[in-house]
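Structure below.
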């Protein structure tokens, strides 16, 4: 019985090609596959089947290409598809959960990068997909190593960094680490081994003796002045600065830098004031002293004497790097650092590591400091000129100012850290301590101001 051509076309278009060659004309609409028998010649398809197949070949090939492309895209760069890879059966529950979280964050990163790669066209997207496959393979290898208890940073750095980021900052830190790790992975082939080694050496800050080679060429002498407040340590350091031909002062406050600037200019020495807010340079000469806040100290010129105040701030978590760079980088034949006793061991160890000579000078307090058995008892009328009242908020400062002026009949000055420098200087503060009562914000605001106070509350 012969088949009609239309029915045959419908049958062929809905049946896989592998089934057509083994299907019998007597079984319409049914898929049937037969295994070839050994030793027997396979039956060739009839001419009408070859004609129909050849007519539909372009459509079939196009459909298979689209299916393969879609399957490839889903498998390549979609971490959600990657989760179905049977690796999770080989991982412990907590490792599998972390891997799932990492791949979810990777999906977010890939979405962002895909949007930025729009201008690159298909070539950029294809490269991104290829790199995503390789990076996910690296993630799987890292988790397989972790399953074998290989989790040290030097042995399994990718896993260690991802886990540490998740522990420290949860998803927000993890997505940043995933983005950094993937971008670093993408550029791995752009740099030679020599360049990679050079970058690692440049980023290795474990050996301060290798920093700032211009300064390391000098043989410096470090004088460490330590002692309590009002012991004369800063005075002796500034005396050495005044007797030098060139020098620089680095202090923690704009007020201290301004005070040293006025002190040097009053003695007829050309001096520049360099802070984060203003720069004043002498008009008559290019050879001058510099008075700076520690963050603004120049490191590119040689001087005879340098003074760094409040050297114990080298251990501060926020500003300590500025003191470190100033101490290691200032090109001075003789350096004087002033601070507290607790900084001596650190300065001595730094001097030993960079080959500088270290001399320690210790001072005692010049005037006694006594504590009262009881305070004012709430009676502000007992305050006299030269006294200082410390508060812990600006609102409290203004409230105390009005109360003090009402109870004592004297003027009361207010001092706090963000007060503009043009409204107050150390000379004005000294004058105020002799004629008025002061209120200040936080005890630390008075540290290093060299004010002579009769009484502090």
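Residue numbers (this note's numbering): 2 to 458.
In this text, a Cβ means the ideal position worked out from N, Cα and C, and glycines have one as well.
Just so we're clear, the structure is a prediction, and the values are computed from it rather than from any experiment.
Buried or exposed by the 16-neighbour rule on C-beta atoms within 10 Å, applied to residue i
| i | result |
| --- | --- |
| residue 253 | buried |
| residue 312 | buried |
| residue 247 | buried |
| residue 332 | buried |
| residue 280 | exposed |
| residue 357 | buried |
| residue 49 | Residue placement at residue 49 is flagged as unreliable, the pLDDT there being 49, under the threshold of 50; the coordinate-derived value follows with that caveat. Residue 49 is exposed by the Cβ-count criterion. |
| residue 218 | exposed |
| residue 183 | buried |
| residue 294 | buried |
| residue 323 | buried |
| residue 128 | exposed |
| residue 372 | exposed |
| residue 352 | buried |
| residue 40 | Note on residue 40: pLDDT 49, under 50, position unreliable in the model; the coordinate value appears next. Exposed, by the Cβ-count rule. |
Candidates the options: closest to residue i by CA position
| i | options | result |
| --- | --- | --- |
| residue 211 | 347, 326, 408 | 326 |
| residue 245 | 352, 234, 303 | 303 |
| residue 255 | 310, 228, 353, 178 | 310 |
| residue 180 | 109, 299, 94 | 109 |
| residue 167 | 342, 94, 290, 102 | 102 |
| residue 276 | 267, 161, 345, 257 | 257 |
| residue 361 | 370, 379, 339 | 339 |
| residue 301 | 308, 324, 216, 126 | 216 |
| residue 399 | 194, 372, 417, 386 | 417 |
| residue 178 | 165, 190, 96 | 165 |
| residue 243 | 206, 269, 224, 334 | 269 |
| residue 159 | 141, 169, 205, 149 | 141 |
| residue 135 | 220, 97, 190, 397 | 190 |
| residue 388 | 397, 396, 377 | 377 |
DSSP-derived helix/strand/coil call for residue i
| i | result |
| --- | --- |
| residue 394 | coil |
| residue 31 | Residue confidence is low: residue 31 scores 44 on pLDDT, short of 50, so the model does not pin down where it sits. Its coordinate-derived value is still stated next. Residue 31: coil per DSSP, three-state reduction. |
| residue 364 | coil |
| residue 140 | helix |
| residue 336 | strand |
| residue 208 | coil |
| residue 269 | coil |
| residue 303 | strand |
| residue 236 | helix |
| residue 192 | coil |
| residue 414 | strand |
| residue 104 | helix |
| residue 355 | helix |
| residue 289 | coil |
| residue 330 | helix |
| residue 245 | coil |
| residue 259 | helix |
| residue 466 | With the chain covering 2 to 458 only, the question about residue 466 has no answer from this structure. |
| residue 298 | coil |
Beta-carbon proximity of residue i to residue j, cut-off 9 angstroms
| i | j | result |
| --- | --- | --- |
| residue 175 | residue 143 | no |
| residue 366 | residue 231 | yes |
| residue 186 | residue 139 | yes |
| residue 249 | residue 318 | no |
| residue 283 | residue 299 | no |
| residue 329 | residue 209 | yes |
| residue 100 | residue 92 | yes |
| residue 336 | residue 222 | yes |
| residue 296 | residue 320 | yes |
| residue 241 | residue 306 | yes |
| residue 289 | residue 273 | yes |
| residue 411 | residue 384 | yes |
| residue 261 | residue 239 | yes |
Neighbourhood of residue i by C-beta, 6 angstroms cutoff - its chain only, sequence neighbours within 5 removed
| i | result |
| --- | --- |
| residue 38 | A caution first: residue 38 carries a pLDDT of 49, below 50, which makes its placement in the model unreliable, though a value can still be read off. There are no such residues. |
| residue 316 | none |
| residue 132 | 187 |
Cutoff 7 angstroms; reference residue i; Cβ partners in own chain excluding five residues on either side
| i | result |
| --- | --- |
| residue 157 | 143, 146, 147, 151 |
| residue 349 | 359 |
| residue 354 | 209, 210 |
| residue 381 | 404, 405, 408, 409 |
| residue 229 | 366 |
| residue 96 | 144, 147, 148 |
Same chain only: Cβ atoms within 8 angstroms of residue i, ignoring 5 sequence neighbours per side
| i | result |
| --- | --- |
| residue 227 | 234, 339, 340, 341, 342, 344, 345, 361, 362, 363, 364 |
| residue 161 | 152, 153, 154 |
| residue 1 | Since the first residue shown for the chain is 2 and the last is 458, residue 1 is missing from the structure and cannot be characterised. |
Min CB distance residue i to chain B below 9 angstroms
| i | result |
| --- | --- |
| residue 348 | Note that chain B does not occur in the displayed structure, where there is just one protein chain. |
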